[in-house]
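Novice: Below: one structure in structure tokens.
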Amino acid sequence: MTRNYIAVTYDVCNHNNLYEDLNEYPLDMSIDIDKQIREFAKMDVAPLIKVYVSDTSDFKAFRLYREYKFNEYECSCSQ
Ligand SMILES: [Zn+2]
819 MTRNYIAVTY
829 DVCNHNNLYE
839 DLNEYPLDMS
849 IDIDKQIREF
859 AKMDVAPLIK
869 VYVSDTSDFK
879 AFRLYREYKF
889 NEYECSCSQ
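So the sequence shown is residues 819 to 897, counted in the working numbering.
This is how it looks when you write it as structure tokens:
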């Protein structure tokens, strides 16, 4: 069975109760995941990325696979 992975970028601001999903990207599991994730975070300036895995390509049923946090892209409201 082939597993399908997608990465979802999130924009998060605790000060404004913002928790918004930005974009979805399919992951290529044959190359370095962390590297792809870092690229997505950079592109979307996303402080949070969640990777979801599904056993079907239509993603009818999926579960959280991994979570990545990028402190450098966190909002600067409190500064
Ligand atoms: Zn903020």
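Cβ atoms here follow ideal geometry from the backbone N, Cα and C, with glycine treated the same way.
If the criterion is Cβ atoms closer than 7 Å, does the pair residue 868 and residue 890 meet it?
Specialist: It is not a contact, given that the beta carbons lie outside the stated cut-off.
Novice: Tell me the residue span of the alpha helix (DSSP H) that contains residue 850.
Specialist: Looking at the DSSP string, residue 850 is not in any alpha helix (DSSP H), and its letter there is neither H nor E.
Novice: Among the candidates 829, 895 and 874, whose CA atom is the shortest distance from the CA of residue 839?
Specialist: The shortest C-alpha separation from residue 839 is found at 829.
Novice: Specify the secondary structure class of residue 841 as computed by DSSP and reduced to three states.
Specialist: Looking at residue 841 - three-state DSSP - the assignment turns out to be strand.
Novice: Go ahead and label residue 877 buried or exposed: buried means 16 or more other beta carbons lie within 10 angstroms of its beta carbon, across all protein chains shown.
Specialist: When all chains shown are included, residue 877 counts as exposed.
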